[in-house]
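Okay, structure first, notes after.
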Amino acid sequence: MKLFYAKTSPYVRKVRVAAAELGVDLELVETNAAAPESNYGAINPVHRVPALQLDTGRVLFDSPVICEYLDVTYGPRLLPASGEERWEVLTLQALGDGLMDAAVPRRGEQMRPAEQQSPERLALYIRSMTQILDHLEASTDRLAGVDLGTIAISCALHYVAFRHPGDDWSATRPRLAAWNSAFAARPSMENTRFPA
Ligand SMILES: N[C@@H](CCC(=O)N[C@@H](CS)C(=O)NCC(=O)O)C(=O)O
Numbered sequence: 187m188k189l190f191y192a193k194t195s196p197y198v199r200k201v202r203v204a205a206a207e208l209g210v211d212l213e214l215v216e217t218n219a220a221a222p223e224s225n226y227g228a229i230n231p232v233h234r235v236p237a238l239q240l241d242t243g244r245v246l247f248d249s250p251v252i253c254e255y256l257d258v259t260y261g262p263r264l265l266p267a268s269g270e271e272r273w274e275v276l277t278l279q280a281l282g283d284g285l286m287d288a289a290v291p292r293r294g295e296q297m298r299p300a301e302q303q304s305p306e307r308l309a310l311y312i313r314s315m316t317q318i319l320d321h322l323e324a325s326t327d328r329l330a331g332v333d334l335g336t337i338a339i340s341c342a343l344h345y346v347a348f349r350h351p352g353d354d355w356s357a358t359r360p361r362l363a364a365w366n367s368a369f370a371a372r373p374s375m376e377n378t379r380f381p382a
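In structure tokens, the structure reads:
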């Protein structure tokens, strides 16, 4: 199976950590989806990474779909099949993905020339990030075990530290920071670190 990926994408890291936790090897295909001349749309018409191409040729996207496919096929271990636990894990995954969904475009906005940046848009991203981080700090007792929820949240927290270091999110959220440090020691997280 081929994973179309970028080293700096938190969504990709989530998929790679899930695969590692399940003991699945993926062939990595480095992909710059944002490049204007990219023909990656022939693989994933949404034109985002990650995408997973199965040996049959079928292509799966986006990251929650890929993670669920991997878990159903090689688990299940990371997403309970039914019951309250399933909704809990999916909701935690949505919190992690939601943090990425604000932190990633905020970074994109900040990469534009200063005079083209929208302060209003940046404020909305920062509001979403702050709310999610505060919510997680108040709910660290929910972060037990290794599942698609905790994987998504840890990948999102590392992305925030990687791309928005000035936020110093962990300084004011000690319980979440302690949980994330312990989670980061897992080989699946160690082996998928963002570049220095
Ligand atoms: N909802 C998607 C989001 C994926 C996403 O936004 N990926 C970014 C990289 S972090 C991307 O490919 N951006 C390229 C672009 O927007 O041109 C998922 O969960 O897979």
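The opening position of the sequence shown corresponds to residue 187 in the numbering used here, with each subsequent residue numbered one higher.
We put the beta carbon where it would ideally sit given N, CA and C, even for glycine.
For residue j and residue i, the rounded distance between their alpha carbons
i	j	result
Ser-325	Val-215	36 angstroms
Arg-313	Pro-381	27 angstroms
Leu-281	Ala-338	8 angstroms
Lys-188	Leu-208	16 angstroms
Asp-354	Leu-285	15 angstroms
Glu-306	Val-258	41 angstroms
Ala-237	Pro-373	23 angstroms
Ser-224	Ser-249	20 angstroms
Where the alpha helix (DSSP H) through residue i begins and ends
i	result
Tyr-255	249 to 260
Glu-213	Glu-213 -> not in any alpha helix (DSSP H); beta strand (DSSP E) instead, spanning 213 to 216.
Gln-296	269 to 296
beta-carbon residue i near ligand 1 non-hydrogen atom, thresh 8 angstroms
i	result
Ala-280	no
Pro-381	no
Met-315	no
Pro-231	no
Val-245	no
Ala-219	yes
Pro-196	yes
Beta-carbon contacts of residue i that lie in its chain and below 7 angstroms, excluding the five residues immediately before and after
i	result
Thr-336	Leu-278, Leu-329, Phe-369
Val-210	Leu-256, Tyr-260
Ala-363	Ser-356
Residues of its chain near residue i, where Cβ-Cβ distance is below 8 angstroms and the 5 sequence neighbours each way are ignored
i	result
Ala-289	Pro-196, Tyr-311, Met-315, Ala-342, Tyr-345, Val-346, Arg-349, His-350
Supposed contact pair residue j and residue i - C-beta distance, whole angstroms, cut 8 angstroms
i	j	result
Thr-217	Val-235	5 angstroms
Leu-265	Leu-334	5 angstroms
Asn-377	Ala-192	No, Asn-377 and Ala-192 are not in contact; Cβ-Cβ is about 16 angstroms, not under 8 angstroms.
Residue i beta carbon near ligand 2 (any heavy atom closer than 8 angstroms)
i	result
Pro-250	Only ligand 1 can be found as ligands here, which leaves ligand 2 out of the picture.
Proximal residues to residue i (C-beta, below 6 angstroms), its chain only, five neighbours per side dropped
i	result
Gly-227	His-233
Limits of the beta strand (DSSP E) - the one that residue i falls within
i	result
Phe-190	188 to 191
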